[in-house]
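Numbered by the numbering used here, the letters in the sequence shown go through residues 406 to 481 in order. Heads up: the structure comes next, in structure tokens.
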Amino acid sequence: MALSYKAKKRLSLLILLVGLPVYIGLAWFLVSLFERPNMVIELGIYIGLGIVWAVPFKAVFRGIGQPDPNEKAEGE
């Protein structure tokens, strides 16, 4: 079942406002469990975690910045 444009927009907003801060806190907690690595390795870990969170949501975020395709264009 494909999501409508409005549902995708609402879901993406929910992910960004609620899910992303939770993911940041979880990543921060997981990294704090281990001894602090070299600065370059730590930067690589955070960059990797920053990319990994978006991969499952790629389909949700695709096309959100575009106008609603189901909305009629003005002048028609």
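Every residue gets a Cβ at the ideal spot worked out from N, C-alpha and C, and that includes glycine.
Next on the checklist: For the alpha helix (DSSP H) containing R441, name the first residue and the last one.
Outcome noted: That residue, R441, is in no alpha helix (DSSP H); it is neither H nor E in DSSP.
Next on the checklist: So, with DSSP's three-state summary, where would you put A432?
Outcome noted: Looking at A432 - three-state DSSP - the assignment turns out to be helix.
Checklist entry - Are there three or more Cβ pairs, one per stretch, closer than 8 Å when the region 432-450 is compared with the region 462-469? => result Taking a cut-off of 8 Å for Cβ pairs, the region 432-450 and the region 462-469 do not touch, as fewer than three such pairs fall below it.
Checklist entry - When the distance is taken between beta carbons, is S417 closer than 7 Å to I452? => result In this structure, S417 does not lie closer than 7 Å to I452 by Cβ.
Checklist entry - Sorted by chain position, which residues of the same chain lie with C-beta nearer than 6 Å to W458's C-beta, five sequence neighbours on each side aside? => result Excluding positions up to five away in sequence, the list reads Y428.
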